[in-house]
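The sequence shown begins at 4 in this note's numbering and counts up one residue at a time. To start, the structure under review is shown below, and the notes come after it.
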Amino acid sequence: MDTFECITTKLEVREFSQKDVPSDIRLKILEAARLTGTGMNTQHWRFILIDKEENLKRLADDSTSGSWVAGANFAIIILTNPRYGFHMIDAGRVLQNMQLAAWNYGVGSGLFTGIKQEQLKSDFGIPNELSPTVIAGFGYPAKKLMGKRKNRLSLHELVYYEKYGNPIGNSIG
Ligand SMILES: Cc1cc2nc3c(=O)[nH]c(=O)nc-3n(C[C@H](O)[C@H](O)[C@H](O)COP(=O)(O)O)c2cc1C
């Protein structure tokens, strides 16, 4: 799959099949994370891989908007250091790279940001200086997503030409 196709077809997946994701694909998803750039190459982030059923359930309990993660094949907690002003950008970039790498192999994923911070930090032994910024759950999609379309604004609503408010008109061909 080329990069553009990967981006345009990828959807959030929150229902997963029982089929295990092979370890080589899981490794590629983690490598995609490792090779993503951070601001000033600080590499302040750390990742916790979760695949034991009881810990996936614990993750779901520690969330306010990601109870579906209990059914994932595995999950990754993305930890970033809030002392860096750009840490949320780093988290978004690494998350997207992992999700796209997964999608390229037919593996779906979803994310959640509603996290009971103190509870999750205590449950997973996370040090004070790191923040669980976003959590992703991965697995093969439970059902065919064919036909599900992205609900997005058009380019004409989103993009201006030269100055805020100028319509793009024909300038994008
Ligand atoms: C910053 C951010 C936070 C999100 N938080 C959650 C969340 O807490 N729980 C959840 O199930 N999905 C969450 N999502 C997923 C969005 O609901 C999803 O990206 C959006 O509905 C588009 O989905 P689609 O690509 O399948 O059309 C979040 C997405 C982003 C970018």
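Glycine is no exception: its CB is placed at the ideal position from the N, C-alpha and C atoms.
Within its chain, find whatever has a CB closer than 8 Å to the CB of residue i; leave out the 5 residues flanking it on each side and keep chain order.
i: K177; result: As displayed, the chain neither begins before 4 nor continues past 176, which places residue 177 out of reach and without an answer.
i: R152; result: none
i: F132; result: Sequence inspection shows Glu at residue 132; the Phe mentioned does not correspond to that position. If we look at E132 and ignore the five residues flanking it on each side, its Cβ neighbours are N84, R86.
How long is the line joining the alpha carbons of residue i and residue j, rounded to whole angstroms?
i: F77; j: D23; result: 9 Å
i: R49; j: I171; result: 41 Å
i: T83; j: E56; result: 25 Å
i: I28; j: P85; result: 30 Å
i: E18; j: K146; result: 8 Å
i: G88; j: T41; result: 12 Å
i: T67; j: N173; result: 44 Å
i: Y108; j: D5; result: 12 Å
i: Y163; j: T11; result: 21 Å
i: G142; j: A75; result: 6 Å
i: S20; j: E165; result: 47 Å
i: S125; j: R37; result: 25 Å
i: S26; j: L158; result: 39 Å
i: N58; j: L148; result: 27 Å
i: D65; j: I129; result: 13 Å
Enumerate in chain order the residues of its own chain whose CB-to-CB distance from residue i is below 6 Å, with the five nearest sequence positions on each side excluded.
i: K13; result: W106
i: P144; result: V16, G111
i: G2; result: Any answer about residue 2 is impossible in this case: the structure gives the chain only from 4 up to 176.
i: C9; result: L103, W106, N107
Would you mind reading off the limits of the alpha helix (DSSP H) that contains residue i?
i: G95; result: 90-107
i: F77; result: Element bounds for F77: not the alpha helix (DSSP H) but the beta strand (DSSP E), 77-83.
i: R29; result: 26-37
i: R152; result: It is not in any alpha helix (DSSP H) - R152 carries neither H nor E in the DSSP assignment.
i: D64; result: 56-64
i: K124; result: 120-126
i: L158; result: 158-161
For residue i, list the residues DSSP reports as bridge partners.
i: F115; result: I138
i: E18; result: Note: E18 sits in no beta bridge, so no partner.
i: F181; result: What the structure shows of the chain is the stretch from 4 to 176, and residue 181 is not part of that stretch, so it cannot be assessed.
i: Y87; result: Paired residues: none, contrary to the question.
i: P170; result: Y163
i: P130; result: Answer by DSSP bridge pairing: none, since P130 is not bridged.
Which residues mark the beginning and the end of the beta strand (DSSP E) in which residue i is found?
i: I10; result: Taken as a continuous stretch (DSSP letters only), I10 belongs to no beta strand (DSSP E), being part of the alpha helix (DSSP H) at 6-12.
Here's a check: name, in chain order, each residue in its chain whose Cβ is nearer than 7 Å to the Cβ of residue i, leaving out the five neighbours to either side.
i: V137; result: I81, A94, L98, L114, T116
i: E15; result: G113
i: A104; result: K31, I32, A35
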